Every structure is written in C-alpha cells, then in structure tokens.
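2 protein chains.
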Amino acid sequence: MTGDPVGTHRVLEPLGALPQAAERLDTDPAIRDDEVRVRVQRLNLDAASFRQLAEKHGGDGAAVRAEVLEIVSNRGKMHNPVTGSGGMLVGTVEEVGEGSPLGLAVGDRIATLVSLTLTPLAIEDDLASWDGLTEQVPADGYAILFGRSIAAKLPDDLPMPLALAVMDVCGAPALTERHVRRYDDPVVVVIGGAGKSGSLCLAAARRAGARRTLAVVPHRAEAELLEPTGLADQVLVCDARDPVALRDAVAAAGGPADLTIVCVDVPGCEGGAILATAVGGTVIFFSMATSFTAAALGAEGLAADVTMIVGNGYVPGHADLALDLVRTDAGVRGLFERRLADG
Amino acid sequence: MTGDPVGTHRVLEPLGALPQAAERLDTDPAIRDDEVRVRVQRLNLDAASFRQLAEKHGGDGAAVRAEVLEIVSNRGKMHNPVTGSGGMLVGTVEEVGEGSPLGLAVGDRIATLVSLTLTPLAIEDDLASWDGLTEQVPADGYAILFGRSIAAKLPDDLPMPLALAVMDVCGAPALTERHVRRYDDPVVVVIGGAGKSGSLCLAAARRAGARRTLAVVPHRAEAELLEPTGLADQVLVCDARDPVALRDAVAAAGGPADLTIVCVDVPGCEGGAILATAVGGTVIFFSMATSFTAAALGAEGLAADVTMIVGNGYVPGHADLALDLVRTDAGVRGLFERRLADG
Numbered sequence: 001m002t003g004d005p006v007g008t009h010r011v012l013e014p015l016g017a018l019p020q021a022a023e024r025l026d027t028d029p030a031i032r033d034d035e036v037r038v039r040v041q042r043l044n045l046d047a048a049s050f051r052q053l054a055e056k057h058g059g060d061g062a063a064v065r066a067e068v069l070e071i072v073s074n075r076g077k078m079h080n081p082v083t084g085s086g087g088m089l090v091g092t093v094e095e096v097g098e099g100s101p102l103g104l105a106v107g108d109r110i111a112t113l114v115s116l117t118l119t120p121l122a123i124e125d126d127l128a129s130w131d132g133l134t135e136q137v138p139a140d141g142y143a144i145l146f147g148r149s150i151a152a153k154l155p156d157d158l159p160m161p162l163a164l165a166v167m168d169v170c171g172a173p174a175l176t177e178r179h180v181r182r183y184d185d186p187v188v189v190v191i192g193g194a195g196k197s198g199s200l201c202l203a204a205a206r207r208a209g210a211r212r213t214l215a216v217v218p219h220r221a222e223a224e225l226l227e228p229t230g231l232a233d234q235v236l237v238c239d240a241r242d243p244v245a246l247r248d249a250v251a252a253a254g255g256p257a258d259l260t261i262v263c264v265d266v267p268g269c270e271g272g273a274i275l276a277t278a279v280g281g282t283v284i285f286f287s288m289a290t291s292f293t294a295a296a297l298g299a300e301g302l303a304a305d306v307t308m309i310v311g312n313g314y315v316p317g318h319a320d321l322a323l324d325l326v327r328t329d330a331g332v333r334g335l336f337e338r339r340l341a342d343g
Numbered sequence: 344m345t346g347d348p349v350g351t352h353r354v355l356e357p358l359g360a361l362p363q364a365a366e367r368l369d370t371d372p373a374i375r376d377d378e379v380r381v382r383v384q385r386l387n388l389d390a391a392s393f394r395q396l397a398e399k400h401g402g403d404g405a406a407v408r409a410e411v412l413e414i415v416s417n418r419g420k421m422h423n424p425v426t427g428s429g430g431m432l433v434g435t436v437e438e439v440g441e442g443s444p445l446g447l448a449v450g451d452r453i454a455t456l457v458s459l460t461l462t463p464l465a466i467e468d469d470l471a472s473w474d475g476l477t478e479q480v481p482a483d484g485y486a487i488l489f490g491r492s493i494a495a496k497l498p499d500d501l502p503m504p505l506a507l508a509v510m511d512v513c514g515a516p517a518l519t520e521r522h523v524r525r526y527d528d529p530v531v532v533v534i535g536g537a538g539k540s541g542s543l544c545l546a547a548a549r550r551a552g553a554r555r556t557l558a559v560v561p562h563r564a565e566a567e568l569l570e571p572t573g574l575a576d577q578v579l580v581c582d583a584r585d586p587v588a589l590r591d592a593v594a595a596a597g598g599p600a601d602l603t604i605v606c607v608d609v610p611g612c613e614g615g616a617i618l619a620t621a622v623g624g625t626v627i628f629f630s631m632a633t634s635f636t637a638a639a640l641g642a643e644g645l646a647a648d649v650t651m652i653v654g655n656g657y658v659p660g661h662a663d664l665a666l667d668l669v670r671t672d673a674g675v676r677g678l679f680e681r682r683l684a685d686g
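Protein chains in written order, with the numbering used here: chain P, 1 to 343; chain H, 344 to 686.
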C-alpha cells in the first residue's frame, strides 16, 4: 500500500490535518511502499524548544528528559507544544519501501532535513544515555520518512557537528544561487553576513556570478570576524533596523542591491531591506522574525517595485550545494568551525 | 530644496524613522521641490480602523469625529495607533514642486494609493460635514505627497465609489499579470476568486495568457455569484484551510497550479496553497492574514520547491491596469457593483 506523499495517512488526530499540524501521529513501524524507516541514533532538539524545556524545569535534566519522553510518547513526534518547534535527527536507514523516491539504501547514515514536528518517532531506550542538559540527545528508536520527506546522507569527509550545522541552514545558499542567476552581474547584499546562513549565502552569491557582494553586520567585532575571510567585497557595520542608514550605507558601497538577503533573526529589518534594493530587484527573507504585513505594507508605502520572497528552506540539491561550499571555501569553513567551537 | 524621496525629512519623531513608523509628521504646507500638496475632499478610513473607533465609542459619532481630529492633530497623519492602519484620500492637486516625478498637474483630481499612515495631513474644517458614522469622511484640509508617493488620477468615466474600490486592490491584478507571463500557458488558481481582488486577478490572469483559471470559494453562494461571470473556467467550493482537500480539488480540476494566488483574509491558507501548486510553481500571498513562518516552514516541511511571494501592493501602472479590467470585463464590473450595492 502506498502512502500519501506528505504523510497524511499517519495522522491520528485531527483527521485531515497535515503531519506538522497534527496533534498525534501513528508510529506503526510497518512501512508503506513509499516510506523509509530509520534507526535513530541522535536527536538534535531545536534551540528554542530545548531552552523552553530547560527553563521550565530549572535545569533539572531528569525532568527535561521525562518531558521529552512524554511528548514523543503522547504525540508520536518530538513536537514541543509550547514553542511549536522540533529539530532534526541522525540515524541509519533500516528499511526502504520499494516505491520510495528518496534514493536511500539500507545502511545509509543520514540526517533528516524536515522538522521533527512532522516526523513519526518512537523512542525505545527511555533516553537512558542522555542527561537532559544538552540539545544533542543520544537515542535509540526509529522514525518514519514519507515519500516527500527530505533526508541527506552524512558526508564521510566532514565532522558530523560541522555537517549538521551546514545542513541546518542549507536552503538559504541554494535559493540565493537560484536568484543570483536571474540577474546579470548583480550586486548582492547579505544582512547578517557573518552568521552561518549569511556566510554560506555570500559564498553562493559569488560562485553564482555576483559582481559585488556586500555584507551587513551589526558591530565591529562581527566585521573583524568576516573581513579576513574575503567572503564579501565590503563589510558594512550598520543597524539593519534603521532603513535610511542601511539604504545610505549600501548606496555608498556600490548599491543599491539587485538582490538583498535577510539572514538575521531580528525583527524590523523589512523596511531597510526594501529601501536598500533597486527597482526591479529582489529581497529574500530567511529570517523567521520577518513580519509579513511589515514587508507587504512597507513596500507599498515606499512605492518600491521589488519582488519579495519568503525564504523556502527546501530547494532540490540544497544539502550537497552547501556542503560543497564548506569543502571548497576556506572562509566559510573557518567561520563555521569558529562558531561551533564557541558553542 | 529637494526632499528625501520617501519623506524622512517630514518625520518629527523619532528622527531617522520612515514616515509610516513615525509617531509624528511635519505638516508644513510649504512644499519641497519634489513634493505635491493636495487639497483634501474626502478621507476613506481603513475598515479596521473605523470599526475600532466606532466600537470604542459605542457608536457615538461625535466622539469618533473628535478622536479622528485628535489623532490627525497629534500625529500629523491619520494613523490609528490601535489598529496601525490608515486609509486613503481623495482630493485635488493644489501645488506641484518643479522636481516632482509623479506626473501630476494643478487641478488634477486624484486618489492617493499610499496609506494615510505615512501621508502628512492637516484638517481645516473640524470635519464639520461628517457625522462620525461612516468610513467615508468629507473633509477640507491638505495633504503632502513625497517624491515616491503614489497617486492615481480619478477616471472621468467611472463612478467614484467604483473607481476607489478598484484602486484599493489594484496591486493584486498587476502582480498576477507579471507572474502569469513568466510561465507558458499556466494553470492559475485564485483562492477567494469571488472577492474584489480575486475577481480582478482572475481577469488579469486570463488576459495575460493563463491556459486555465480556477477559482476557489468557501461556499455555494459565492460560487453562484461567480459562475455566471465566466471569469473562471471552473469554480471550486472548498475550504482553503484544509490543505489536502484543496490539493485534491485543484488536481481534479486540471491542476496542480503553476500559479496560486491567495486573496482571502483568512488565517491558515498557507499549506493548502503550497500543496495545490506544482513543483517549480509560484504562490503569491495577498492576504494580510498570511503567516510568514507558516509559509516558510510549511513549504520546507512539504519538501515543496515553490517560489513564495509576499504580495506587494505596488507595481508600476497598477491602477490603470485594474481600471481597464473593470472597463472591459463586464463580469468583474458586475461583481464590484454588486458588492458596492451590498455595502
């Protein structure tokens, strides 16, 4: 029997919901023709979810562990009901349905790139190896992937923490590359250029043919981190929440931008991103702090004919593209390794 | 002296803010080189703003009028501090700076297409002709347009209420036309096809070359309104908040869509719009009820390679395009006239 590609056949309640919106999923280990079962080795809890649990329990790791077990047991997925967020998992492919389109084989070591909030999950070891004090959760159990799930094989040549950190933000450089290619020799501005997704976007933009790359960072310390990497032609220290200051700084550095990419999770960057962008240009918002109405009404109020894109974390081939950037660009790799070392 | 094109020179506090974000604007009637002063005849308050004021004052029109006067006097603009919304105005051009790029001449009758939340405004008649009971506010006073403001000349051949209703939503059909032209013979789905912006989008899509247009409406009564107009090749009665139902209904009617346009102000339509759209397709969200995170995380969770666009209300030529659709398409005009008659 073939499943629904987006997994609605695994939804127990409310019926008709998508797995992410569902209260409870079916974790039957028997897979449908287009499903894959994965033996889980590790969960990476979403940072917001782990923080909420740790704060609620005042740092009591045993209580955090008990609540994670309770959530997974009740919901059939690791979907924090307070934060609404999940995380990702690492495991080994255990069984592949003959109709699965994911291209996986038994024994492949993979990370899931869709959220734990929509992934059927059963824990079988009571999380006995986890102290409840870190986002990284050693675990034994299994998870189910649907026909349209996304999983990436873990590379052999990169340390796992580095590979996971790269895959966590791999949608941004892939979408950046696609939009850079739509322009001839564009000027690309990356707001938050010293961050993980920002540095990957800078590298992707240059490789895709950007004529000039500008990075915007909030203070001098970030600029000093980014400048030696050479990822940006110029690094601008500017508060991206100040639209006029951002517009003027970008204009003075060779702008306006043909493509502006917002990679900082700070509210209030919509107006500046719009104003820094040329007529006919594009703004891609990857920040989850983006306000839809601020973007829509802001562009209208500024009479700005710019295309505004909701940053979609899924682009075919995104994991391979991002991993390749980290392999080949020492600047990006250095920034990632430094951020991993800083915790 | 030339102003800043987006009007920051008129911001009194906080300094450096854009006019929309400002607490208070400068209403000095003396214009800069690139500004235009308009003699105001009527304000059209945003529906949400008027409703909030009417409810607050329990239907006491005099109290509503007093509060509108107080807001305009304190802020130098009609920017409801509770709802954050404004409205538009109708007036006659009184003075045009020699460097104004808006193409207006003294005596032109115009409507502003940028929000009152960013338009310097002074009221000079104490709104004496207004009873405080309607969104339409007869007024005497003046307003200032900046270099990048948007104003449209009122057409002579259409009744003013019809022209204003069309101009209020004119960004949607213009952006629809642009994106339809990016595909060859696309299938276009309009969610909320019987509404004002939805019907204009259907007409614009067909004129721009859509192979097949599908309208989604929430109940049979809306379908019966829309079907006789012939604006859609097929009208689907479906709850757009039910992603699987919407996907299946669109698929059965000739989908998936190359372009899906969301025109209903109802939360929770993101997943359905994404699922109804083909790989490589585009979703344009015009609904102010759109959740940025629901769209971004929804597409990622569904492994949907679709381009998601924040509906920008400004596209050059948008008012002329929409007015022309109403002039030439009896179906659209009939729907608008019926909605205006229903109040």
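Glycine residues also receive a C-beta, built at the ideal position from the N, C-alpha and C atoms.
Treat the numbers as computed from the prediction; the structure is a model and nothing was measured.
Asked, Found
"Contacts around S49(P), its chain only, beta-carbon distance under 6 Å, and the 5 residues preceding and following it disregarded", "N80, T83, S85"
"Residues in the stretch 107-123 of chain P having any Cβ partner in chain H nearer than 7 Å", "V114, S115, L118"
"Any C-beta of chain H under 8 Å from that of N312(P)", "yes"
"Own chain, CB closer than 7 Å to G346(H), minus 5 neighbours either side, in chain order", "H352, R375, D377, E378, F489, G490"
"Interfacial residues, the stretch 65-92 of chain P to chain B, with Cβ spacing under 7 Å", "Protein chains P and H are contained in the structure displayed, whereas chain B is not."
"Contact list for R10(P) against chain H, beta-carbon separation under 9 Å", "Within chain H, no residue comes near R10(P); the closest Cβ sits about 13 Å away, beyond 9 Å."
"N387(H) (DSSP reduced to helix, strand or coil)", "strand"
"Residue(s) in a DSSP beta bridge with R367(H)", "E356(H)"
"Helix, strand or coil at A163(P) [DSSP, three-state]", "helix"
"Pairwise C-alpha distance: D320(P) and G331(P)", "18 Å"
"The stretch 512-526 of chain H contacting the stretch 467-487 of chain H, beta-carbon criterion three pairs below 8 Å", "no"
"Burial state of G573(H), where buried means 16 or more other Cβ atoms lie within 10 Å", "exposed"
"Beta-carbon proximity of L214(P) to L246(P), cut-off 8 Å", "no"
"C-alpha distance - E222(P) paired with V114(P), whole-angstrom precision", "30 Å"
"Beta-carbon proximity of S291(P) to P316(P), cut-off 8 Å", "no"
"Interface residues of the stretch 500-529 of chain H facing chain P [CB-CB below 8 Å]", "G514"
"Span of the beta strand (DSSP E) around T650(H)", "650-653"
"Nearest residue (CA-CA) to I123(P), options G99(P), L89(P), K153(P)", "L89(P)"
"Any beta strand (DSSP E) of 3 or more consecutive residues that is wholly inside the stretch 605-669 of chain H", "620-628, 650-653"
"T277(P) beta carbon less than 8 Å from that of T260(P)", "yes"
"Rounded separation between R525(H) and G402(H) - CA only", "49 Å"
"Assumed close pair T27(P), P138(P) - CB separation to whole angstroms, cut-off 8 Å", "Actually they do not touch by this definition, with Cβ atoms about 20 Å apart."
"G301(P) at chain H interface by Cβ criterion, 8 Å", "yes"
"Cβ separation of V262(P) and V283(P), assumed to be a contact under 8 Å, to the nearest whole Å", "7 Å"
"Cβ-based burial, R563(H) [other Cβ within 10 Å; buried from 16]", "exposed"
"Beta carbon of L386(H) nearer than 8 Å to that of L459(H)", "yes"
"Own chain residues within Cβ distance below 7 Å of N655(H), not counting five before or after", "G514, L518"
"Continuous alpha helix (DSSP H) stretch holding D591(H): start and end", "586-595"
"DSSP state of P321(H) mapped onto helix, strand, coil", "The structure shown has nothing for residue 321(H), since chain H only spans 344 to 686."
"Coarse secondary structure for T112(P), derived from DSSP in three states", "strand"
"Beta bridge counterpart(s) of R37(P) as assigned by DSSP", "E95(P), I144(P)"
"Beta-carbon proximity check, V688(H) vs R555(H), cutoff 8 Å", "Look at the range of chain H in this structure, 344 to 686, and you will see that residue 688(H) is not part of it."
"Assumed close pair L412(H), L470(H) - CB separation to whole angstroms, cut-off 8 Å", "6 Å"
"Chain P contacts from the stretch 580-591 of chain H (Cβ-Cβ distance under 9 Å)", "D585, P586, V587, A588, R590"
"Proximal chain P residues relative to L447(H), where beta-carbon distance stays under 8 Å", "Simply none; closest approach about 14 Å."
"Cβ of R148(P) within 8 Å of any chain H Cβ", "yes"
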